[in-house]
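Take a look at the structure below.
Structure below.
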């Protein structure tokens, strides 16, 4: 059944021809871009190494340890900057291809909008620290549109708290924001414990004003957690939310999967280290069946699950 749905969503002849043309163009240019990047690396970092030696050697001979330490710090920062500039053409080339390729690949999504980076507006509406602690966020590959009439926004995100050495990442993965069909009169949070940690984790949410609600099923309550400010309305929904969480955990078992419902807004957070929409390393030829087709399958799975949650 899943394969049949996926086959139905595959690009049509015209779109497929355009996609394959982009793939052929990418594969034809990637070797040249790789050589150009390598040349830039050799020239920039080679010059950086010579200048670094010219600066540091006199300081070593003079025994000026304080100046030598400061010079090393400056050299390390400048080396990182030069390395980033050296690989910039490769990064820009890959993103330019993605800007053209991904909208064609996801042509079955109506009103599709894609951006390689940005800040999604839904963060302002997503429940705060009781749902997931965060003070900073980074986002890449933002998609929005309608799939079979279901409007969604999807992005790959990293959420964190703190700064510098005290910075702590609280989430890395995919966030799907959507509108619920019936809405929920309040806030309802749901999460599933990873199987190997189900008994070790006491609470999946921060303590706050929301109260814990049980499903009435001991098996569900042992592996899931639900918090709400409207227990009466939440009671009839938690079992269905548990089913959605179980399905996603079977597909992406990397961490704690979370769902939040707040009035008409819904949010699905799937933790994963996988970069769903990235191209393979530039040394690897891009292939439709190996690299592009899985992108379609992942997007459809995420959006379809969010759609099911929107009907709870």
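Numbering (my numbering), first residue to last: 743 to 1054. Note that CB positions come from ideal geometry on N, CA and C, so glycine has one too.
Euclidean distance between Cα positions of residue 993 and residue 1004:
Locating residue 993 in the chain shown gives position 251, counting from the first residue. Locating residue 1004 in the chain shown gives position 262, counting from the first residue. Those two C-alpha atoms are separated by around 25 Å.
Is residue 800 close to chain D? Criterion is C-beta to C-beta, closer than 8 Å.
Of the protein chains in this structure there is only one, and it is not chain D.
Within 10 angstroms of the Cβ of residue 818, are there 16 or more other Cβ atoms? Answer buried if so, exposed if not.
Your numbering for residue 818 matches position 76 in the chain shown. Around the C-beta of residue 818, fewer than 16 other C-beta atoms lie within 10 Å, and the residue is accordingly described as exposed.
Best match in 826, 916, 821 and 1024 for proximity to residue 997 [C-alpha to C-alpha]:
The residue given as residue 997 occupies position 255 in the chain shown. Distance check between residue 997 and each of 826, 916, 821 and 1024 places 916 closest, using alpha-carbon atoms only.
Roughly how many whole angstroms lie between the Cα atoms of residue 1036 and residue 890?
As a working mapping, residue 1036 is identified with position 294 in the chain shown. As a working mapping, residue 890 is identified with position 148 in the chain shown. One alpha carbon belongs to residue 1036, the other to residue 890, and they sit about 20 Å apart.
Proximity winner among 893, 952 and 1032, relative to residue 1050 (alpha-carbon distances):
In the chain shown, the residue the question calls residue 1050 occupies position 308. When only C-alpha atoms are compared, the closest one is 893.
Got a sec? Which residues, its chain only, sit under 6 Å from residue 984 by beta carbon, not counting five neighbours each side?
The residue given as residue 984 occupies position 242 in the chain shown. Take residue 984, set aside five residues on each side of it, and the residues of its chain with a beta-carbon closer than 6 Å to its own are 962 and 966, in chain order.
When DSSP labels each residue in this structure, what does residue 1013 get in the three-state scheme?
Position 271 of the chain shown holds residue 1013. Taken through DSSP and simplified to helix, strand or coil, residue 1013 comes out as strand.
Enumerate in chain order the residues of its own chain whose CB-to-CB distance from residue 858 is below 6 Å, with the five nearest sequence positions on each side excluded.
Taking the first residue of the chain shown as 1, we reach residue 858 at position 116. Only 837 meet the Cβ criterion.
Let me know if residue 883 comes out buried or exposed under the rule of 16 or more other beta-carbons within 10 Å of its beta-carbon.
As a first step, residue 883 must be located in the chain shown, where it is residue number 141. Per the 10 Å Cβ criterion, buried.
Inside the stretch 912 to 957 only - beta strand (DSSP E) runs reaching at least 3 residues:
The stretch 912 to 957 contains no whole beta strand (DSSP E) run of 3 or more residues.
Through-space distance from residue 901 to residue 797, alpha-carbon basis
For the purposes of this step, residue 797 is taken as residue 55 along the chain shown, with counting starting at 1. For the purposes of this step, residue 901 is taken as residue 159 along the chain shown, with counting starting at 1. Those two C-alpha atoms are separated by around 40 Å.
Counting only the same chain and skipping the five closest in sequence on each side, list residues whose C-beta sits under 6 Å from that of residue 959.
Taking the first residue of the chain shown as position 1, residue 959 is located at position 217. Result list for residue 959: empty, nothing under 6 Å.
Following the continuous beta strand (DSSP E) through residue 966, name the residue where it begins and the one where it ends.
Walking along the chain shown from the start, residue 966 turns up at place 224. Run containing residue 966: 966 to 970, per the beta strand (DSSP E) assignment.
Is the beta carbon of residue 930 closer than 8 Å to that of residue 970?
In the chain shown, counting from the first residue as 1, residue 970 sits at position 228. In the chain shown, counting from the first residue as 1, residue 930 sits at position 188. Contact flag set, yes.
Counting pairs of beta carbons, one from the stretch 806 to 824 and one from the stretch 775 to 791, are three or more of them closer than 8 Å?
They touch, by the three-pair rule.
Same chain, Cβ closer than 6 Å to residue 1002, neighbours up to 5 away in sequence not counted
Here residue 1002 corresponds to residue number 260 of the chain shown, with the count starting at 1. By the criterion of a C-beta distance shorter than 6 Å, residue 1002 is surrounded in its chain by 869, 873, 931 and 1009, once the five residues flanking it on both sides are discounted.
Using the Cβ count rule (16 or more neighbours within 10 Å means buried), how would you classify residue 911?
Looking up residue 911 in the chain shown gives position 169. Only exposed fits residue 911, as fewer than 16 other CB atoms lie within 10 angstroms of its CB.
Buried or exposed: where does residue 834 fall if 16 or more other Cβ atoms within 10 Å of its Cβ makes it buried?
Counted from its first residue, the chain shown places residue 834 at position 92. Counting Cβ neighbours within 10 Å, residue 834 comes out exposed, since fewer than 16 surround it.
According to DSSP, what are the bridge partners of residue 837?
Numbered from 1 along the chain shown, position 95 holds the residue referred to as residue 837. Beta-bridge pairing links residue 837 to no other residue.
Neighbourhood of residue 964 by C-beta distance below 6 Å, restricted to the same chain and skipping five residues each side
The residue given as residue 964 occupies position 222 in the chain shown. Scanning its chain for C-beta atoms nearer than 6 Å, with the 5 sequence neighbours on each side dropped, one finds no residue around residue 964.
Tell me residue 999's beta-bridge partners as DSSP assigns them.
For this step, residue 999 is matched to residue 257 along the chain shown. Answer is 934.
Could you pull out every residue in the same chain whose Cβ sits closer than 7 Å to the Cβ of residue 1054, ignoring the five residues on either side in sequence?
In the chain shown, the residue the question calls residue 1054 occupies position 312. Beyond the five residues adjoining it in sequence on each side, residue 1054 comes within less than 7 Å, by CB distance, of 979, 982 and 983 in the same chain, given in chain order.
Determine whether the beta carbon atoms of residue 824 and residue 813 lie at a separation below 8 Å.
The residue labelled residue 824 in the question sits at position 82 within the chain shown. The residue labelled residue 813 in the question sits at position 71 within the chain shown. No; because the gap between Cβ atoms is not below 8 Å, this pair is not in contact.
Complete beta strand (DSSP E) runs within the stretch 821 to 888 (minimum length 3 residues, chain order):
Correct list: 852 to 859.
Could you tell me the alpha carbon to alpha carbon distance between residue 941 and residue 760, rounded to whole angstroms?
As a working note, residue 941 is residue 199 in the chain shown. As a working note, residue 760 is residue 18 in the chain shown. Reliability fails at residue 941, whose pLDDT of 49 lies under 50, so the model's placement of it is uncertain and the value that follows must be treated cautiously. Looking at the two C-alpha atoms, the distance is approximately 51 Å.
To the nearest angstrom, how far is the alpha carbon of residue 808 from that of residue 1044?
What you label residue 808 is simply residue 66 of the chain shown in a count that begins at 1. What you label residue 1044 is simply residue 302 of the chain shown in a count that begins at 1. Each residue's Cα considered, the two are about 55 Å apart.
Considering only DSSP beta bridges, list what residue 1005 is partnered with.
As a position in the chain shown, residue 1005 is number 263, starting the count at 1. In DSSP, residue 1005 forms a bridge with 926.
Residue 896 - containing beta strand (DSSP E), residue span:
Position 154 of the chain shown, counted from the first residue, corresponds to residue 896. Residues 892 to 903.
Boundaries (first-last residue) of the alpha helix (DSSP H) holding residue 1028
For the purposes of this step, residue 1028 is taken as residue 286 along the chain shown, with counting starting at 1. Residue 1028 -> no alpha helix (DSSP H), and no H or E assigned at all.
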